[in-house]
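In terms of our numbering, the sequence shown opens at residue 3 and continues consecutively.
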Amino acid sequence: MPLPKVEEIRDLSDQELNDRIVATKKELFQLRFQKATRQLEKPHQFKHLRHRLAQLMTLERERQLAAATPGSEVSEGEE
3 MPLPKVEEIR DLSDQELNDR IVATKKELFQ LRFQKATRQL EKPHQFKHLR
53 HRLAQLMTLE RERQLAAATP GSEVSEGEE
């Protein structure tokens with residue numbers, strides 16, 4: 003299974019994005035618990051979930067920055 007693509011999550015609403023972040027954190031917790039009790043069957047899931055969490059949190063931060071400074075973006079030609 004390939005790593006998830008960020009294009010798949012760009013069109014989510016803010017609430018859906020937050021829900022996915024919480025769900026991914028819960029999944030990571032469950033995987034850590036399984037690893038500690040030696041019940042983990044698919045260790046590659048750690049990489050996939052951490053990658054997905056990073057994508058979700060990056061997208062959330064991009065939206066926060068865009069909402070905080072809507073008119074301060076400067077294109078290269080306006081300098």
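Yeah, the Cβ is synthetic: ideal placement off N, Cα and C, and Gly gets one too.
Would LEU51 and LEU30 qualify as a contact pair, given that the criterion is a beta-carbon distance under 7 angstroms? yes
Where in the region 18–45 do unbroken runs of the alpha helix (DSSP H), each at least 4 residues long, occur, reported from the N-terminal end onward? none
Beta-carbon spacing of LEU5, THR26 below 7 angstroms: no
Grab me the residues of LEU42's own chain with a C-beta within less than 8 angstroms of its C-beta, minus the 5 sequence neighbours each way, in chain order. Correct list, in chain order: LEU33 and GLN36.
Using 7 angstroms as the threshold, is the C-beta distance between LEU19 and GLU64 below it? Going by C-beta atoms, LEU19 is not nearer than 7 angstroms to GLU64.
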